[in-house]
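Okay, so here's the structure we're looking at.
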Amino acid sequence: MNIFRLAGDVSHLVAILILLMKIWRSKSCAGISGRSQVLFALVFTTRYLDLFTVYISAYNTVMKVVFLALSYATVYLIYMRFRNSYDSENDTFRVEFLLIPVIGLSFLENYAFTPLEILWTFSIFLESVAIMPQLFMITKTGEAESITTHYLFFLGLYRALYIANWVWRYHTEGFYDQIAIVSGVVQTIFYCDFFYLYVTRGEEIRTPS
Amino acid sequence: REFTSIHDEL
């Protein structure tokens with residue numbers, strides 16, 4: 269554990285909490301892509317199956333359970349509790365275009381051809397593109413509420429901090445996880461355009477139409 | 063023996 273990794277995890281947690289609290293307090297999930305949130309729940313589910321096979325640390329176990337619970341709570345709020353406010357007309361990204369290549373790639377490129385490893389690889393690849401339905405929705409409607417942009421900012425910051433963590437770990441432990449690093453860099457690149465808008469235009473984002 | 067890699071990151 270190093271400061272970049274810890275800051276990255278905290279940033280990830282903050283992002284998820286911002287979104288959940290926004291939906292809970294406003295009793296509305298307008299402008300939020302339910303499809304992205306389902307993909308993130310799928311990411312956590314397939315990645316954290318090792319909760320049942322290996323024990324790493326109390327921190328690790330607690331964070332995994334928290335991320336799983338929060339992601340399912342978010343999906344529940346969007347599709348059940350506040351489904352009247354769900355903007356399904358603008359949440360139309362075809363997730364099969366993400367899922368099919370990601371499933372294919374996780375079978376081709378993995379550390380071991382075992383069910384758990386393939387699912388772990390699938391989750392890493394899927395995470396790198398899971399935000400695309402949300403970004404697509406913002407492009408389609410041409411706007412995002414400021415609180416939604418804070419969510420995206422912390423979500424992007426989390427992966428950027430993980431890159432710093434990987435650089436640190438490579439230099440101090442000689443550790444590197446090729447699949448995670450490549451996907452993490454790709455994931456961070458998806459946020460760069462958003463970061464640029466966030467900084468230059470302020471919190472409330474309107475894309476030029 | 064089955065491969066067991068430890069993914070210690072979240």
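Residue numbers (the numbering used here), protein chains in the order written: chain A, 269 to 477; chain B, 63 to 72.
Note that the Cβ used here is the ideal one computed from N, Cα and C, for glycine as well.
Since the structure is predicted, the reported quantities are computational estimates derived from the model, not experimental observations.
What is the rounded straight-line gap between the Cα of residue i and the Cα of residue j?
| i | j | result |
| --- | --- | --- |
| Leu429 of chain A | Thr456 of chain A | 10 Å |
| Thr407 of chain A | Thr342 of chain A | 22 Å |
| Thr314 of chain A | Leu336 of chain A | 10 Å |
| Phe365 of chain A | Ile371 of chain A | 11 Å |
| Ile346 of chain A | Ala448 of chain A | 29 Å |
| Thr475 of chain A | Glu411 of chain A | 6 Å |
| Phe320 of chain A | Thr468 of chain A | 45 Å |
| Leu285 of chain A | His69 of chain B | 24 Å |
| Leu387 of chain A | Leu281 of chain A | 22 Å |
Can you pull the DSSP bridge partners for residue i?
| i | result |
| --- | --- |
| Glu411 of chain A | A:Arg474 |
Would residue i pass as an interface residue toward chain B - the criterion being a Cβ-Cβ separation below 8 Å?
| i | result |
| --- | --- |
| Asn358 of chain A | no |
| Ala380 of chain A | yes |
| Ile324 of chain A | yes |
| Ala275 of chain A | no |
| Trp388 of chain A | yes |
| Phe421 of chain A | no |
| Asn270 of chain A | no |
| Leu288 of chain A | no |
| Ala448 of chain A | yes |
| Glu377 of chain A | no |
What residues from chain B crowd round residue i, counting only those whose CB sits closer than 7 Å?
| i | result |
| --- | --- |
| Glu441 of chain A | Simply none; closest approach about 11 Å. |
| Lys408 of chain A | Per Cβ cutoff of 7 Å: no residues; Lys408 of chain A is ~31 Å from chain B at best. |
If the cut is a Cβ gap below 9 Å, which residues of chain B does residue i touch?
| i | result |
| --- | --- |
| Phe335 of chain A | Leu72 |
Counting only C-beta atoms, is residue i closer than 8 Å to chain A at any point?
| i | result |
| --- | --- |
| Ile68 of chain B | yes |
Is the shortest distance between the beta-carbon of residue i and the beta-carbons of chain E less than 8 Å?
| i | result |
| --- | --- |
| Asp318 of chain A | Here the protein chains are A and B, and chain E is not one of them. |
List, in order along the chain, the chain B residues whose C-beta lies closer than 8 Å to that of residue i?
| i | result |
| --- | --- |
| Ala428 of chain A | Under the 8 Å cutoff, chain B gives no residues; its nearest Cβ is about 15 Å from Ala428 of chain A. |
| Asn352 of chain A | By Cβ distance, chain B contributes nothing, its closest Cβ being about 33 Å from Asn352 of chain A, past 8 Å. |
| Lys332 of chain A | Leu72 |
Relative to the C-alpha of residue i, which candidate in the options has its C-alpha closest?
| i | options | result |
| --- | --- | --- |
| Ala398 of chain A | A:Ser325, A:Arg303, A:Phe463, A:Asn358 | A:Arg303 |
| Leu317 of chain A | A:Thr360, A:Ser391, A:Tyr340, A:Gln446 | A:Ser391 |
| Phe272 of chain A | A:Tyr444, A:Tyr438, A:Ala432 | A:Ala432 |
| Ser339 of chain A | A:Asn352, A:Arg362, A:Glu395, A:Gln305 | A:Gln305 |
| Asn358 of chain A | A:Leu403, A:Thr389, A:Tyr344 | A:Leu403 |
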